[in-house]
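Residue numbers (this note's numbering): 1 to 245. From the three backbone atoms N, C-alpha and C, an ideal C-beta is built for every residue, glycine too. All values reported here derive from a predicted model rather than from experimental measurement. Heads up, the thing below is written out as structure tokens.
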């Protein structure tokens, strides 16, 4: 089928459309259904946690799991296996807060931090609290640099630094530009291989320039991609600098 698609690069727009929209084509068009208005996800998850003590439908950090992993060096579930006094960077969502006042009159906070794999209590003393107090709220997603404390038969984290986590919006689709008027033989097969090398969830849309005008095609569900810098670099090397829209 790819051979036929390659031949279509030099043919008329009608033949291109027939091939790209064909049942077996890698460019099989999808028609996503318009979903009904969803119940506010955060509210649903909050109610699950309050009522059942755990998340049922999904974890609120599922969508940003990869981004959080790049900012941390361990999960909360692995803390017990790390040595006492070790400095780690973790991240999670605040599920509970309790503020106390020390004998000296200084504020301190006990915070429950949850990630996808586990949870831990984080102790925030006044020296750190002063800089982070506006961040310490239930449902906030935080990145915490802390010292592991295995004393008194349980594992705690003593916060050294607290920062807010800001998710980077994921690309919902990847658009590539192919000039069918000048594309070399075999380019479609190479494009298919490139997409296969970076499997992911982002749909791929191809803006094709033909001798009869522009055409737009969306790759089928088997050709979704992970929109990472390496993919875009290779796409530009394959299709040219103007390939990434």
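Residue-chain proximity (residue i, chain B), Cβ-Cβ < 7 angstroms
i	result
residue 130	Included in the structure is just one protein chain, with no chain B present.
Assumed close pair residue i, residue j - CB separation to whole angstroms, cut-off 8 angstroms
i	j	result
residue 162	residue 128	6 angstroms
residue 108	residue 94	Rounded, the Cβ-Cβ distance is 15 angstroms, inconsistent with contact.
6 angstroms CB neighbourhood of residue i in its chain, flanking five on each side removed
i	result
residue 145	89, 160 and 161
residue 149	156 and 158
residue 174	202, 204, 225 and 227
residue 237	none
residue 132	162
Straight-line gap, residue i to residue j (C-alpha atoms, nearest Å)
i	j	result
residue 143	residue 209	46 angstroms
residue 71	residue 177	33 angstroms
residue 206	residue 179	10 angstroms
residue 100	residue 69	31 angstroms
residue 184	residue 196	20 angstroms
residue 121	residue 92	11 angstroms
Burial state of residue i (16 or more Cβ within 10 Å)
i	result
residue 106	exposed
residue 204	buried
residue 225	buried
residue 153	exposed
residue 199	exposed
residue 87	exposed
residue 60	buried
8 angstroms CB neighbourhood of residue i in its chain, flanking five on each side removed
i	result
residue 151	84
residue 75	90, 115, 116, 117 and 118
residue 17	Low confidence applies here, because residue 17 scores a pLDDT of 40, under 50, leaving its location unreliable; read the following figure in that light. Counting only Cβ-Cβ distances below 8 angstroms, and skipping sequence neighbours, we find 215.
Cβ shell of residue i (< 7 angstroms), same chain only, five flanking positions each side left out
i	result
residue 135	142, 162 and 164
Residue i Cβ short of 6 angstroms to the ligand ADP heavy atom set
i	result
residue 77	Ligands displayed in this structure: none; no statement on the ligand ADP is therefore possible.
Quiz prompt | In chain order, each alpha helix (DSSP H) run of at least 4 residues that lies wholly inside the region 93–159 | solution = 126–132
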